[in-house]
Amino acid sequence: MPEAKTNAGDGNKQGAFKDKDKPTEIRMSNITAAKAVADAIRTSLGPKGMDKMIQSGNGDVTITNDGATILKQMQVLHPAARMLVELSKAQDIEAGDGTTTVVVIAGSLLSASAKLLEKGIHPTTVSESFEKAAAKAVEILTTMSSPVALSDRASLLKSAMTSLSSKVVSQYSNLLAPITVDAVLRVIDPATAENVNLKDIRVVQKLGGTVDDTELVEGLVLEQKISHLAGGISQVEKAKIGLIQFCISPPKTDMENQVIVSDYTQMDRVLREERQYILDICKKIKKAGCNVLLIQKSILRDAVSDLALHFLNKMKILVVRDIERDEIEFVCKSLGCKPIASLDHFTPEMLATAELVEEVPLGTSKVVKVTGVTNPGRTVSILVRGSNKLVLEEAERSLHDALCVVRCLVKKRALIAGGGAPEIEVSIKLAEHARTLTGMEAYCVRAFAEALEVIPYTLSENAGLNPIATVTELRNRHAKGETTAGINVRKGTITNILEENVLQPLLVSTSAIQLASETVRSILKIDDIDYQTFDLAIHRFKLLVPPSLPHSKMSSHQNLAPIHSQTCNLVCFNLLLSNIRIYILHTVLYASSKFLTRRITSSILVTAMHDSGTGNRKSGIYIRLTEGSTSNYILKFSLFRIQHPNCPLDRTRLDKDKDIFPDKASERRILSYFVKCPNKCQWEGELRDVENHQQICPYEVVQCPSSNCRVFLARNQIEEHVAMSCQWRIVSCQFCPEEYPKAEEHIHNETCPMFPLNCSNGCGQVVPREQMLKHLETECHLTPVSCPFHDLGCNMKVERRNLETHVREDTTTHLSFACKKLALLQQEFDEEKKTLKKQLDDLKKENNNLLLKVSAQEKEMHKSQMETPMFVWKITGFGDILHQAKVGRNNKIDSDPFYTGKYGYKLKLSVNPNGDGSGRNTHLSAFVIVMRGEHDAILPWPFNQKVTFTLIDQQESLDERQNVTMLFRANTKLENFARPTAEENPGRGYARFMSHEKLKTRRYLVDDTLFIQVDVGPPSL
C-alpha cells in the first residue's frame, strides 16, 4: 500500500508528499460513500415517495418514509456516510422536517463537486464557492417568502398538512393538522413566543381503534392504570390531586440490619405496628382533602402496599401509582401542583384541583384522564390511536414532524411555496448571479445551482412523471416570472402551488441548504482517513525478526487459510500462518519467510479461544488473503462481521463476549522482544519501552503544539517552527494589547479598535477605528452636515467646511423660515390655550360634583357609624408582647368581652402578635370569638352579621390617616358562629391581618400602643 508521510530528516522543511493521488482518492471515496446514503433514501422524498421497511437485530420492524428515522436505524460504517446521518439529525433538531430533502441536496452537491474536482478545480475553491452560493440561496429564499402571523390559523393548517401529505398516515391529515396547530398554540403565548418547547406537548400511544380516534386532551393523560381493589372507584369529580414522591408501605431495614422475631406475639406486634403506620399515613392524606393520589415509581420497595390500597379505597381515594420520574415535571406543570417529598409537607396548599379524573377504557387497555384543571400550565396531551404498533409509531413520527413545522413558523414567521418551486427559483437566480462572476467561482456557483434541481427532479420521478420534461417545463415557467409554479404530484402536472395550499416554513428550506452546504464543504476538506483500530504508540516500530525461520508454503486452499494462534493480545499478535510466522504491530504486519519481509495491512485481528470438548483450548480465525498490485497482502477478517461465528476447526458456535479474549502471557513475552527505532536516533530496546522513547525521540514526527495547527515535524524542528513559521502561533497586535493566532491576523485587523483607517470621506486623515465615528461626526471637513436652521425648515446639507458660507449667504431665507415657524407656534399656542381653558372648566365642574358626592358619603358614613355597634381595643406595651410571642412564651392575647348592642351578641377579640397559620413569624393575626352571652336565648342563630377589623392609623390629621380595614361575612355553615355550647366558640378572622414590616410604617404603633377597632354590621344577605 502506498506510504504517505512527512519526513523531517531531508532538506525540505515542509516535507515531501510521496503519494499525490491519495487525497483525490480519499475525497472520491468519501463522496461515493456519502452519495450511497443519499441515493438510498432519495425514493422516499415527496408525497408519492416510497416507504422503507427496516428490521432491527432483535426482529422489530419499522415502516416509515421519514428520512431521520431511516438513517438512524441504518447500519452505516463509513465515516463520510456517517456525516450524512448526522446531517439528517441536525436538520431534525433545527427544523424538525426536511430530513430527507437535506440529505438528497447534499448528495446532489457531492455529485456536482465530484465533477468539479475531476476538471481540476481545487477543493478549497469549490468549498468557498459553495459557501457563497448557499448564502445567496438563503437570501433569494427570504425574498420569495411571505410573512405569516400566528393568528392566521389557515396558513398554519396549510403548512402542517403539507408536512403530513408525504407521510404514511397522509389520509388523516385533515384530522392531525388541526390537532398539531391547536397543541402548539395552547402551549405558547402567540404575541411574545419565539420558540416552542415540544416537551410541553405529550404524545401518548394506545393500541386499538384507528388514527381517526386520535384526540387532543386539554389536561393530562396517564398511561398508568388506577390501582384499586375489587369494587374500587374509577372516577372522581371535583378532584383534589396530590403527587407524592414517598412510599406508602412498611419501612424496610437497612441492608446490614435484620429483625429477629422469636414468637407469635412479637410477630403480631410487628404487623400491628405496620398496619398502624400505614393507617396514619392514609389518615393524614385524607385529612388534607386529597381524593386522587398520584404516586411516583420507587425502585427500592413497593410504592404502595396492598394494605395501603385497602385503606385508601375505603377512604374513597383514587390511586394511580408508578408515575415515572421523568414524567413528574410534566405532570406538575400540567396540574399546577408541586411534588410532595414527605408526609410532613402533605398540606391542602400542595394539592391540584380538577373537575374530573376518570379511567377510560381504550380497546384492551385503559388510560387515566384528568380534565378541567383549575390552574393548568401551558401543556397539552395528544392521545394517538392505531390498529397496530407500526401505524402507531408512524403516526407519532408524523405528528412530531407537523409539530416541528408549526414550531418553525413560531421561530421564523414566514412561508414559501412547496412542490419544488423554491429550489427551481433559487437555481435560476443563482445561475443569473453566476454570470456576473468570473473565474472558477462562476463555474462552481453554476454547478451549485444545477445541483438544487435534484428536488423537483426527484419529486417528479417519484410521482411517476417524466423528470426531464417536467423540470424543463418548470424551468421555463419560472423564467417567465411564475415564481410559485410547482409540481402538483396529485394531478401530475405543473400548477400554481400556492393555489393548491402547498406551503412550507421558510426555516425548513433555508436550514436544509445551509446544513447540506456545510456538510459537503466538510467532506471536501478531508484528504486522508486514519483508522485507529487500537490506540497504540508503537505502530511505526519494526520488530526485529529472528535471522532464520523455517521455509514455508502457502496453504493449498486458494483464498481461505486457517490460522492457529500461538500468542495473542491487544498490543501485537504472534501467529503461525501455514508455517509462516507473522509479527503484527497495530495495523502493520511483517511476514518473514527465507529472509523475505512483506508488509501486510490489517483492520481487525483477534483470536477466538474455546473448549473443543476434549479439555484442550483451541483457537482459529478464517481470513481472506488477496495479493495486491504492489505485492502486498491485504487481510480482511470476517469474524466480527458474523453475528454468530463458528470455530473453523470443529464448527462449534462461539460467543463473542466469552470465547474471544486476549492472551496475557503472550503479551508479557512479546513486550520483552528487542526492537529498534525507525528514526535516525539509532535507539534499541525492549518493546515495552517504546512509548517512553517516543516521548523524547528528537526525530519522532509530532504535531505542532499550537491549537488548530495540523503540521507534523520532527520533534527537534518543532521549536523553530512554533517561533517562526507556524500560522497558528500567538502574536500581539502592534496597535492594541490583544493577542491572537497569526492565521487570524486579518480577522483581528477587521475588528481591532486601534487599527488605523483612512477617512471614508477621503479627507486624507488616518485615524484609529474606534475614533472614526467621532472624526466623521465632529472633525472631518468633508462630512455633509445639516444646516443649523434645519428645525426651521432649511433642508440643505453641505460639507462642514462650507457651512459658515451657507449660513452667511442664506440669511434672508433663514429669517423667512423663522417668521413662518413663529407664526405657526403662535397659532399652536392659541389653540392649546383654548383647549387647556376648556379642560380647566370641565375639571372645576367635575371637582364640584365630586365634593358634593364626598359630602354625601361622609354624612352617610357618619350615620352608619352612629348606627353600627363599635368596639375599640387599646393594646399597650405591644413591643414586649411581640417579643414574648417570638420566643414562644405567649402568642395570644384576648380583649375584654363586649356586646354588639344592649341586647346583642357577646364577642371578644383575640390577637396573635407573632401570627398564626400562614402568617406565623411574619404577620399580626386577628380573630373574633363568639361567646356565651346573657341574651343568647332571644337572639337569632347562627351569628350572621358582618365583622370589620380596623387597625387605626394614629395620625393627628384625620385626612392623612390610612387605616387598615378587613371585612368578612360570617359563614353560617361553620361551627364558629353557631350558638355556643361551651364558654366560647373557636375564633374566626385573618391569619395575615397586618405584616410586621408594614406595622413599623406610618403611625400604627405610637408609644408602643395599638388601637384595633371592630364594627359589627347588619346581618349578611
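For the record, in the sequence shown the residue sitting at position 829 is 829 according to UniProt numbering, with numbers rising by one throughout.
Even glycine gets a Cβ: it sits at the ideal position worked out from N, Cα and C.
With a CB to CB cut of under 6 Å and the five nearest residues on each side skipped, what residues in its chain are close to residue i?
i           : result
residue 457 : 467 and 471
residue 502 : 162, 418 and 419
residue 990 : 926 and 966
residue 818 : 792
With a threshold of 8 Å on Cβ separation, who are the neighbours of residue i within its own chain once the five nearest residues in sequence on each side are excluded?
i            : result
residue 187  : 196, 197, 200, 201, 378, 379 and 380
residue 282  : 248, 308, 311, 312, 315 and 317
residue 766  : 756, 757, 758 and 759
residue 1038 : In the structure displayed, the chain extends from 1 to 1021; residue 1038 sits before or after that span and is not available.
Could you tell me which of the options sits nearest to residue i, measuring between CA atoms?
i            : options                : result
residue 731  : 745, 719 and 718       : 745
residue 354  : 334, 341, 366 and 364  : 334
residue 306  : 278, 913, 741 and 709  : 278
residue 205  : 990, 1000, 223 and 193 : 223
residue 452  : 433, 462, 808 and 425  : 425
residue 367  : 193, 226 and 1009      : 226
residue 94   : 495, 686, 411 and 494  : 411
residue 342  : 296, 157 and 356       : 296
residue 939  : 706, 332 and 978       : 978
residue 1008 : 1018, 880 and 886      : 880
residue 754  : 772, 25, 763 and 384   : 772
residue 244  : 71, 882, 321 and 758   : 321
residue 974  : 942, 449 and 954       : 942
What separation, rounded to the nearest whole angstrom, lies between the Cα atoms of residue i and residue j?
i           : j            : result
residue 499 : residue 138  : 24 Å
residue 516 : residue 455  : 13 Å
residue 483 : residue 136  : 17 Å
residue 629 : residue 22   : For residue 629, the predicted model reports a pLDDT of 27, less than 50, meaning its position is unreliable and no value from the coordinates is stated.
residue 373 : residue 904  : 45 Å
residue 854 : residue 995  : 31 Å
residue 486 : residue 397  : 26 Å
residue 884 : residue 337  : 37 Å
residue 469 : residue 134  : 27 Å
residue 960 : residue 1006 : 16 Å
residue 602 : residue 724  : Any answer about residue 602 is weak, because its pLDDT of 29 lies below 50 and its placement is not dependable; what the coordinates show is given next. Using only the alpha carbons, I get a separation of about 40 Å.
residue 203 : residue 756  : 60 Å
residue 759 : residue 739  : 26 Å
residue 496 : residue 65   : 26 Å
residue 493 : residue 351  : 60 Å
Which two residues bound the contiguous alpha helix (DSSP H) that contains residue i?
i           : result
residue 67  : 67-73
residue 977 : Neither: residue 977 is in no alpha helix (DSSP H) and is coded neither H nor E.
residue 322 : Not the alpha helix (DSSP H): residue 322 falls in the beta strand (DSSP E), residues 318-323.
residue 45  : Neither: residue 45 is in no alpha helix (DSSP H) and is coded neither H nor E.
residue 79  : 79-94
residue 355 : Per DSSP, residue 355 belongs to no alpha helix (DSSP H); it is in the beta strand (DSSP E), 352-362.
residue 487 : Looking at the DSSP string, residue 487 is not in any alpha helix (DSSP H); the run it does join, the beta strand (DSSP E), is 485-488.
residue 203 : Premise fails: residue 203 lies in the beta strand (DSSP E), 201-207, not in any alpha helix (DSSP H).
residue 181 : 173-186
residue 514 : 506-524
residue 467 : 467-479
residue 698 : Where residue 698 is concerned, there is no enclosing alpha helix (DSSP H), given that its DSSP letter is neither H nor E.
residue 727 : Per DSSP, residue 727 belongs to no alpha helix (DSSP H) and is neither H nor E.
Could you please give the first and the last residue of the uninterrupted beta strand (DSSP E) stretch that includes residue i?
i           : result
residue 994 : 988-995
residue 948 : 945-951
residue 753 : Here residue 753 belongs to no beta strand (DSSP E), and DSSP marks it neither H nor E.
residue 969 : 964-969
residue 340 : Taken as a continuous stretch (DSSP letters only), residue 340 belongs to no beta strand (DSSP E), as it is neither H nor E.
residue 239 : 235-244
For residue i, I'd like the list of residues in its chain whose CB is within less than 7 Å of its CB, leaving aside the five on either flank, ordered along the chain.
i            : result
residue 1001 : none
residue 67   : 41, 44, 88, 99, 100 and 103
task: Taking 8 Å as the threshold, find out whether the stretch 507-514 comes into contact with the stretch 135-152 through three or more Cβ pairs.
output: yes
*Does the stretch 102-109 come close enough to the stretch 55-64 to have 3 or more Cβ pairs within less than 8 Å?*
no
- Given 8 Å as the limit, is there contact between the stretch 800-814 and the stretch 834-842, that is, 3 or more CB pairs closer than that? no
At least 3 beta-carbon pairs within less than 8 Å: the stretch 122-130 vs the stretch 425-445: Contact between the stretch 122-130 and the stretch 425-445 is present, because at least three Cβ pairs lie under 8 Å.
*Does the count of Cβ pairs from the stretch 431-439 and the stretch 206-222 closer than 8 Å reach three?*
no
>> Would the stretch 167-186 count as touching the stretch 357-375 if we require 3 or more Cβ pairs under 8 Å?
In response: no
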